[in-house]
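Sequential numbering of the sequence shown, starting at 19, is according to the numbering used here.
Even glycine gets a Cβ: it sits at the ideal position worked out from N, Cα and C.
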Amino acid sequence: MPAAWWRRLRAYLTPPPLDEAPWQQALAACPLAQRLDSCRQQELRRLVGVFLARKRFHALADAELSDALCTLIAMQACIPVLQQGPKALRGWRDVLVYPGEFKVKRSHHDDRTGVVTEGDDVLIGEAWERGPLVLSLADVQLDLAQPWDGYNVVAHEIAHKLDMLDGPPDGVPVLPPHIPRRQWIVAFQRAFDRLSSDVARGRDTLIDPYAAEGPDEFFAVVSELHWSQPGVLRRADGAVADLLQAYYGVSPAPG
Ligand SMILES: [Zn+2]
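Structure, rendered in structure tokens:
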């Protein structure tokens with residue numbers, strides 16, 4: 019077996035943990051990672067090594083993407099998979115990074131009327147099934163500067179990625195054996211229905227009304243709260259907070 023081929027295969031299968039200097043640099047810029055216990059930090063360092071070895075970053079529209087920023091994106095993307103491990107990152111390779119918000123063309127076909135509407139959506143992140151993860155760098159940096167404001171675009175898009183590991187997104191990711199699927203579906207459906215009803219009536223909600231767009235967006239939005247404002251999530255819905263804690267592990271975020 020050619021030595022170079024073997025080295026490449028070994029590096030792919032068991033990438034080394036991130037080197038000390040870039041690890042310390044990224045840790046200093048990521049308050050969420052700083053608050054993990056040392057055991058989870060070591061696991062995160064290993065996962066970031068895997069992420070950087072297997073994913074490809076692409077700067078779009080002149081985004082200024084340094085190695086340090088790629089490491090910071092990888093760090094934030096790996097925090098939600100600390101409990102599931104590297105297998106939860108399978109099935110896709112590319113991370114596309116825009117400097118800020120980006121526009122995408124959308125068309126919608128109404129089955130009832132047959133009308134197709136077209137338009138531009140302005141996004142800060144997007145996750146494709148078996149395709150790329152797309153991020154606005156300005157919003158990634160805003161989340162690092164304001165980690166406890168309830169929003170985290172990387173956590174949101176990684177939640178979609180986890181949800182899509184078993185097919186089109188439906189708000190139910192592949193669950194570990196200690197979480198009964200039935201319990202998840204009942205609790206999330208109840209919480210989603212309550213939020214949708216509150217939004218329809220124009221009531222104030224603790225969970226961002228965007229979560230009422232569909233069960234997939236609900237899962238992604240409450241995942242952001244788990245990592246950014248777990249106390250708010252618990253006040254909004256204790257059952258969903260418990261299930262996310264069982265799925266992701268205890269959030270290190272304050273309050
Ligand atoms: Zn979303």
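With DSSP as the reference, label residue i as helix, strand or coil.
| i | result |
| --- | --- |
| ARG221 | coil |
| SER246 | helix |
| GLU82 | coil |
| ASP167 | coil |
| HIS196 | coil |
| ASP112 | strand |
| ASP260 | helix |
| ASP234 | helix |
| ARG130 | coil |
| ASP138 | strand |
| ARG208 | helix |
| VAL240 | helix |
| VAL172 | helix |
| LEU151 | strand |
| VAL190 | coil |
| ARG124 | strand |
Could you check the C-alpha separation between residue i and residue j for me, to the nearest Å?
| i | j | result |
| --- | --- | --- |
| ASP188 | GLU235 | 9 angstroms |
| LEU193 | VAL68 | 22 angstroms |
| LEU45 | ASP167 | 19 angstroms |
| TYR30 | TRP24 | 10 angstroms |
| GLN207 | GLU38 | 44 angstroms |
| ALA209 | ALA22 | 53 angstroms |
| TYR265 | LEU100 | 10 angstroms |
| ILE203 | VAL190 | 7 angstroms |
| PRO40 | THR89 | 8 angstroms |
| ALA254 | GLN52 | 26 angstroms |
| LEU261 | PHE237 | 11 angstroms |
| VAL250 | ASP226 | 11 angstroms |
| CYS57 | ARG64 | 11 angstroms |
| PRO33 | ASP129 | 48 angstroms |
| SER269 | PRO150 | 26 angstroms |
Taking all protein chains shown into account, decide if residue i is buried (16 or more other Cβ within 10 angstroms of its Cβ) or exposed.
| i | result |
| --- | --- |
| HIS196 | exposed |
| TYR228 | exposed |
| ASP222 | exposed |
| LEU27 | exposed |
| LYS179 | buried |
| ALA106 | buried |
| GLU231 | exposed |
| CYS96 | buried |
| GLY143 | buried |
| ALA218 | exposed |
| ASP138 | exposed |
Would you mind giving the Cβ-Cβ distance between residue i and residue j, rounded to the nearest angstrom? I have them listed as a contact below 8 angstroms.
| i | j | result |
| --- | --- | --- |
| LEU162 | ALA47 | 6 angstroms |
| LYS121 | GLU136 | Not really, about 13 angstroms apart at Cβ, beyond 8 angstroms. |
| GLN43 | ALA86 | 6 angstroms |
| VAL171 | ASP157 | 5 angstroms |
| GLU175 | LEU153 | 7 angstroms |
| PRO248 | ALA259 | 7 angstroms |
Quick one: give me the first and last residue of the alpha helix (DSSP H) that residue i is part of.
| i | result |
| --- | --- |
| GLU38 | 38-47 |
| VAL66 | 56-72 |
| LEU160 | 155-163 |
Identify the continuous beta strand (DSSP E) that holds residue i and give its terminal residues.
| i | result |
| --- | --- |
| THR89 | Looking at the DSSP string, THR89 is not in any beta strand (DSSP E); the run it does join, the alpha helix (DSSP H), is 85-96. |
| GLY267 | Neither: GLY267 is in no beta strand (DSSP E) and is coded neither H nor E. |
| ALA145 | 143-145 |
| ARG25 | Element bounds for ARG25: not the beta strand (DSSP E) but the alpha helix (DSSP H), 21-31. |
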